[in-house]
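In my numbering, the protein residues as written are 368 to 631.
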């Protein structure tokens with residue numbers, strides 16, 4: 368795992384969703400979808416998008432960390448071939464990207480959403496969920512709420528909660544509106560007794576076997592290393608050598624959509 372540093376595609380279980388999001392942005396931009404390079408000798412991208420790992424490798428990206436451990440589907444957009452465009456160009460950049468931004472934001476209303484409650488109607492915080500076949504989990508809020516962007520199709524949702532009987536539910540996603548799916552979990556008879564101290568945070572099967580690891584994060588500032596368990600209180604990153612990203616470019620405007628996720 369994570370042995371290759373070559374520039375080859377590195378796809379996530381949600382590659383179809385990430386590619387759809389990238390195309391939503393590029394196709395609503397006046398020129399981005401043409402995929403014209405910023406200058407001669409640089410790569411051109413079909414429909415204005417490309418997988419970032421196919422462009423260049425990246426180690427220890429926050430997008431991968433947030434996607435693998437928290438299910439955050441993060442997107443990064445580079446909107447200009449000039450890293451620091453002059454102030455006079457900002458109105459033009461806004462007009463070129465306004466429709467793309469609005470259409471992109473509207474994609475938040477795609478997929479499935481709902482609440483996870485116990486048999487008494489109380490919300491279950493930090494219940495762990497996963498779309499079967501897409502081994503990247505996500506959790507409920509303190510209100511028991513969850514959501515996941517998905518393209519139209521039939522899916523199975525796996526739900527786990529500390530002290531509750533696991534559950535699976537089939538559901539369908541349609542194009543017209545998000546699917547509302549409320550879940551009720553029942554207390555397990557062999558669950559943790561009341562008032563007993565919690566010795567270790569419960570983790571679903573796809574998040575077991577984590578190990579402490581130091582990662583280098585590369586960005587605008589100099590490289591630095593952090594131990595994620597010490598620095599972020601929770602889990603370690605299993606970030607590999609390549610960024611799972613999709614990039615979109617034009618002659619005057621570059622949009623980079625980083626597709627992050629679980630690596631092979």
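All residues carry an ideal CB built from backbone N, CA and C; glycine is no exception. All values reported here derive from a predicted model rather than from experimental measurement.
Just reading off the alpha helix (DSSP H) that residue 495 is part of, what are its end residues? The continuous stretches of alpha helix (DSSP H) do not include residue 495, which lies in the beta strand (DSSP E) extending over residues 495 to 498.
In chain order, what residues of the same chain lie with their CB nearer than 6 Å to the CB of residue 382, ignoring the 5 residues before and after it? The beta carbon of residue 382 is closer than 6 Å to none in its chain, skipping five residues each way along the sequence.
Measuring only the C-alpha atoms, how far is residue 524 from residue 540? If you take the alpha carbons of residue 524 and residue 540, they lie about 12 Å apart.
At least 3 beta-carbon pairs within less than 8 Å: the segment 395 to 407 vs the segment 461 to 471: With a cut-off of 8 Å on Cβ pairs, the segment 395 to 407 is in contact with the segment 461 to 471, counting three or more such pairs.
Residues near residue 531 by beta carbon distance below 8 Å, same chain, minus five either side: Counting only Cβ-Cβ distances below 8 Å, and skipping sequence neighbours, we find 485, 491, 494, 552, 553, 554, 555, 558.
Using the Cα positions of residue 375 and residue 423, report the straight-line distance between them to the nearest angstrom. Their Cα atoms are separated by approximately 8 Å.
Taking the DSSP output, what are the residues bridged to residue 505? DSSP, once it has assigned bridges, lists 496 as partnering residue 505.
Nearest by alpha-carbon distance to residue 462: which of 503, 522, 533, 446 is it? For residue 462, the nearest C-alpha among the options comes from 446.
Local conformation of residue 462 per DSSP, three classes: The answer is helix: DSSP assigns residue 462 an H, G or I state.
Residue 546 (DSSP reduced to helix, strand or coil): Strand at residue 546.
Does the Cβ-Cβ distance between residue 460 and residue 452 come in under 9 Å? Yes.
Quick one: what's residue 514 bridged to in DSSP? Answer is 480, bridged to residue 514.
Three-state secondary structure (DSSP) of residue 330: No answer is possible for residue 330: it lies beyond the span of the chain, which begins at 368 and ends at 631.
Span separating the alpha-carbon of residue 498 from that of residue 456: Their backbone Cα atoms lie some 43 Å apart in a straight line.
Report the three-state DSSP secondary structure of residue 520 (helix, strand or coil). Of the three classes helix, strand and coil, the one that applies to residue 520 here is strand, per DSSP.
Looking only at C-alpha atoms, which of 534, 550, 419 sits nearest to residue 487? Comparing Cα-Cα distances from residue 487 to each of 534, 550, 419, the minimum goes to 550.
For the candidate residues 435, 438, 389, whose alpha-carbon lies nearest to that of residue 419? Closest by alpha carbon: 389.
Note down the Cα distance separating residue 392 from residue 514, rounded to an integer number of angstroms. Cα to Cα, residue 392 sits roughly 21 Å from residue 514.
Let's test the definition: count the other Cβ atoms within 10 Å of the Cβ of residue 475 and tell me whether it reaches 16, buried, or not, exposed. Label assigned to residue 475: exposed.
Whole-Å CB distance - residue 505 paired with residue 496, under 8 Å assumed: Going by Cβ atoms, the distance from residue 505 to residue 496 rounds to 6 Å, so yes, they are a contact pair.
So what does DSSP say about residue 454, is it helix, strand or coil? It is helical.
Alpha carbon to alpha carbon, how far is residue 477 from residue 517? Give it in angstroms, no decimals. Distance between the alpha carbons of residue 517 and residue 477: 6 Å.
Who does residue 552 pair with in a DSSP beta bridge? According to DSSP, which records beta bridges pairwise, residue 552 is partnered with 485.
By how many angstroms is the C-alpha of residue 545 removed from the C-alpha of residue 449? So the alpha carbons of these two residues sit roughly 38 Å apart.
Ends of the beta strand (DSSP E) at residue 539? Where residue 539 is concerned, the enclosing beta strand (DSSP E) starts and stops at 534 to 540.
For my contact list, residue 380 and residue 521 are in at a C-beta cut-off of 8 Å; report their separation, rounded to the angstrom. Not quite, the Cβ-Cβ distance comes to about 16 Å (not below 8 Å), so this is no contact.
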